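Have a look at the structure below, then the notes.
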Amino acid sequence: MAVSQRPSDWKKLSLSLTELCIDTTLRCGQSFRWRRINDEWHCALQGRLISLKQDPSHLHYKVTWPSKPAAIVPLTPPLSLNSKCLTSTAKEIECQDDDTASLLHSYFALSHSLAALYKQWATSDANFARRALAFTGIRILNQDAWETLVAFICSSNNNISRITQMVHKLCIHYGPYVGTIDGEAFHDFPRPEALAGGQVETHLRELGFGYRAKYIAETARIVSAERPAGWLLRLRNPRCPALGVPTEQEEKEESKDDIEPPSYRVAHDALLQLAGVGPKVADCVCLMGLGFGEAVPIDTHVWQIAQRDYNLGKGVKTKTFSKALYDTIGDYFRKIWGQQAGWAQSVLFTANLKSFAEQASGVKTGRSGTAAVVKLEFEETQIMTPSPTGVRTRKRKTISTKVVTKFELEDDSDQTAETNIVTRRTSKRRKTKS
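Residue 75 in UniProt numbering sits at position 75 of the sequence shown; the count goes up by one each step and never skips.
As structure tokens, this is what we get:
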């Protein structure tokens, strides 16, 4: 594609490898659009092509702007249609102020001190303290909610390599072209409207998306046609604003709606209404696209970690999680890791990936603490009672128990993390035909 480009000079941000390691963070299954070429990472973001490289004390970045002005429109439309980002062009932004430093600060969530968080998690969790030694600098990316939603719909029964291929296909077939590096074209992520067309599902199936094609097309249609403008942004954690949209204070002034700020649970439940979105995908979007650090996505990797390293659910053999089991594991990790539990989970998730096995092998396997066996009991009784109408009522009771983990820190002090998951009984009646 013959479009001239205008690359900037290299600039840098003062940032140590312990605060951000792009070689790990950009390939651990959070974002699937960064490509490594000649020891540099490249991605099209917000109408520009960003290149990154890193040394022990600085993150270096370069911006390549397309010479043809292109409207900078966020993938997730802002609440206010009067937002400046709807009318700005790449050329205007470059001429006024290059906001790439601000974009990177937001994208990598640099307002959080990773050193402080690692210290907090290591103090409360001996397993984290041991495994994190080889995996410093892993941050949760603050991505666009729409891109995160579609990417993790693609993640269903999939691996990082195939998800990356699918996301790349979405971009080259439906996303706007931004620039080329070493003969490789880079496109930004397509907006919901671009994936809501009548032939999208058929085309995606031809491209190898399988059953995910229907979910992507249907969710794109729902978000673009059935949900109000700015719906995804209304679900966002107000303490973690997205780049290019009004801040929390400006949002309150500009919006005429008196809407209570969303909570993690509200956002999670709202996402579950979309096609192809289960608890894990909803948690991925909450964590990486909506700014809720307490979201803990639980997949087979995390389930393996929970059983192997925390003795959670010993003896429970299942490939599918009941809601009670999923919530119990998430609540346990939120108890020991705190408000940014999802960040801590990403470190252990990365350490568990085969692609990082060599890096993980540098960690000593000897335990510095002990963990008591944790029982997760899910007692279910079904009482089928016939009725005169020929309909039986099924009653289900679910009971979960206390979780206790004991560990020893390197300073020989003993601590016990105890999760009191209140024993609860839920009674659900479901009608089934006899």
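The beta-carbon is built from N, C-alpha and C at its ideal position, and this holds for glycine as well. Bear in mind the structure is a predicted one, so any value in this text is a computation, not a measurement.
Considered as a whole, the region 155 to 222 harbours 160 to 174, 200 to 206 and 212 to 221 as its complete alpha helix (DSSP H) runs of no fewer than 4 residues, in chain order.
A distance below 8 Å separates the beta carbons of Leu17 and Gly137.
By the Cβ neighbour-count rule, Tyr118 is buried, with 16 or more other Cβ atoms within 10 Å of its own. When rounded, the separation of the alpha-carbon atoms in Tyr326 and Glu193 is 33 Å.
In chain order, Pro192, Leu195 and Ala196 place their CB closer than 6 Å to the CB of Ala220, counting only its own chain and leaving out the 5 sequence neighbours on each side. For Ala357, the enclosing alpha helix (DSSP H) begins and ends at Ala357 to Ala360.
Contact annotation: Ala44 and Gly183 have beta-carbon atoms that are not nearer than 8 Å. In this structure, Arg212 sits away from Ser161, with a CB-CB distance that is not shorter than 8 Å. In summary, Trp10 is exposed, with fewer than 16 beta-carbon neighbours lying within 10 Å of its beta-carbon over all protein chains present. Separation of the CB atoms of Ala267 and Leu233 is rounded to 11 Å, and the pair is thereby denied contact status at 8 Å.
Residue burial is scored here from C-beta neighbours: Lys280 has at least 16 other C-beta atoms within 10 angstroms and is therefore classed as buried. The DSSP-derived three-state label of Gln345 is helix. For Gln345, same chain residues with a beta-carbon under 8 Å away, outside a window of 5 residues either side, are Val296, Pro297, Val302, Phe333 and Trp337 in chain order.
Judged by DSSP in its simplified three-state form, Trp34 adopts coil rather than helix or strand. Residue range Pro279 to Met288 is occupied by the alpha helix (DSSP H) that includes Pro279. Under the three-state reduction of DSSP, Lys119 is assigned to helix. Taking the C-beta atoms as reference points, Gly289 is found nearer than 8 Å to Thr148. In the structure shown, Ala44 falls within a strand segment according to DSSP collapsed to helix, strand and coil. Within the same chain, and ignoring the five residues on either side of Lys53 in sequence, the residues whose Cβ sits closer than 6 Å to its Cβ are Glu40 and His60. In summary, Ser106 is buried, with 16 or more beta-carbon neighbours lying within 10 Å of its beta-carbon over all protein chains present.
Less than 8 Å divides the Cβ of Asp188 from the Cβ of Gly47.
If you ignore the 5 residues before and after Val285, its C-beta comes within less than 7 Å of the C-beta of Ala145, Thr148, Leu149, Phe152 and Leu271, all in its own chain and listed in chain order. Assigned with DSSP and collapsed to three states, Trp10 falls in coil, not helix or strand.
Taken through DSSP and simplified to helix, strand or coil, Ser113 comes out as coil. Around the C-beta of Ser361, fewer than 16 other C-beta atoms lie within 10 Å, and the residue is accordingly described as exposed. Around Phe32, the same chain offers Ala151, Ile163, Thr164 and Val167 as residues with beta carbons nearer than 7 Å, after the five sequence neighbours per side are excluded. Minimum Cα-Cα distance from Asp99 among the listed residues Ala126, Thr64 and Cys154 corresponds to Thr64.
Counting along the chain, no beta strand (DSSP E) covers Lys317, and no H or E run does either.
Judged by their CB atoms, Ser51 and Ser14 are not nearer to each other than the 8 Å cut-off. By the neighbour-count criterion, in which a residue is buried when 16 or more other Cβ atoms sit within 10 angstroms of its Cβ, Thr202 is exposed.
Within the model, the alpha-carbon separation for Tyr177 versus Ala217 is close to 21 Å. Burial state of Gly208 is exposed, judged by a 10 Å Cβ sphere holding fewer than 16 other Cβ atoms. DSSP places Leu133 within a helical segment (H, G or I) once states are collapsed to three. If you look at Leu233, you'll find it in the alpha helix (DSSP H) that goes Trp231 to Arg234. The beta carbons of Ala134 and Phe128 sit no closer together than 8 Å.
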